[in-house]
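A short write-up of the structure that comes next.
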Amino acid sequence: MKKPKKDLIIALKSEVLGEAFFRSTYYSTYIFDRKNKARVLWQLEAQTKKRIIEYFKINSIEIPNLRWVAVKGSILGILCLIVPRYIILQEILKETEYYLTVFRRLERENNVEDKELFQYIVDHEIAIKQFAKMELKNRDRTNSLELIEALLNN
6 MKKPKKDLII
16 ALKSEVLGEA
26 FFRSTYYSTY
36 IFDRKNKARV
46 LWQLEAQTKK
56 RIIEYFKINS
66 IEIPNLRWVA
76 VKGSILGILC
86 LIVPRYIILQ
96 EILKETEYYL
106 TVFRRLEREN
116 NVEDKELFQY
126 IVDHEIAIKQ
136 FAKMELKNRD
146 RTNSLELIEA
156 LLNN
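Start counting at 1 in the sequence shown, then tack on 5, and there's your number in the working numbering.
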């Protein structure tokens, strides 16, 4: 088994964290609209994590134990009950900027046959960023999941 490169570990950590965060948010939220949006974001993160893990397996890359990352994501998701939503959305925007830098680097540095996966990973982060921007602007909230839903149907 090969050891994963730093950016691959960051990519997997981001999906484990995101999946746990949105799952926890889904279960701890009682407002229907927010609950539905958390569910869709949870699905996207789970789908992306699954694709990254498949990439690890196909390429005989050691999958790190990231249970503590999942626990952290779950705790952060529960905090959505007490932290104002605009702060959470601003934090998501900040995080997506960081992850987009890493994901774009992965896309540039990997083989042509892997470009589709890494383009998808970039696209999924752009979709989350767009979601947060639209939610923060308080308009087009009904369309804020459009890009995410398109990726889920891919």
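All C-beta atoms, glycine included, are put in the ideal place defined by N, C-alpha and C.
The model shown is predicted, which means the values in this text are computed figures rather than measured ones.
Under DSSP, the alpha helix (DSSP H) around residue i begins and ends at which residues?
| i | result |
| --- | --- |
| Y32 | 11-33 |
| D128 | 120-142 |
| S149 | S149 -> no alpha helix (DSSP H), and no H or E assigned at all. |
| L98 | 90-114 |
| V76 | 72-83 |
Just list the residues that DSSP pairs residue i with in beta bridges.
| i | result |
| --- | --- |
| K7 | I66 |
Under 8 Å by Cβ, that's how I've got residue i and residue j pegged, so tell me the actual separation to the nearest angstrom.
| i | j | result |
| --- | --- | --- |
| L111 | D12 | 5 Å |
| Y35 | A43 | Their Cβ separation, rounded to whole angstroms, is 11 Å, which puts Y35 and A43 out of contact at 8 Å. |
| L156 | V74 | Not a contact, Cβ separation roughly 22 Å. |
| T53 | E100 | Not a contact, Cβ separation roughly 14 Å. |
| L98 | K18 | That belief does not hold up - the Cβ atoms of L98 and K18 are roughly 19 Å apart, past 8 Å. |
Notebook entry, point to check: Touching or not, the stretch 130-145 and the stretch 59-74, by the rule of three or more beta carbon pairs under 8 Å?
Noted result: no
Note to self: Does the stretch 116-124 come into contact with the stretch 74-89, if we say contact requires no fewer than three beta-carbon pairs (one atom in each stretch) closer than 8 Å?
What the structure shows: no
Margin query: If contact is defined by three or more beta carbon pairs under 8 Å, each pair taking one atom from either stretch, is the stretch 49-58 in contact with the stretch 98-110?
Written below: no
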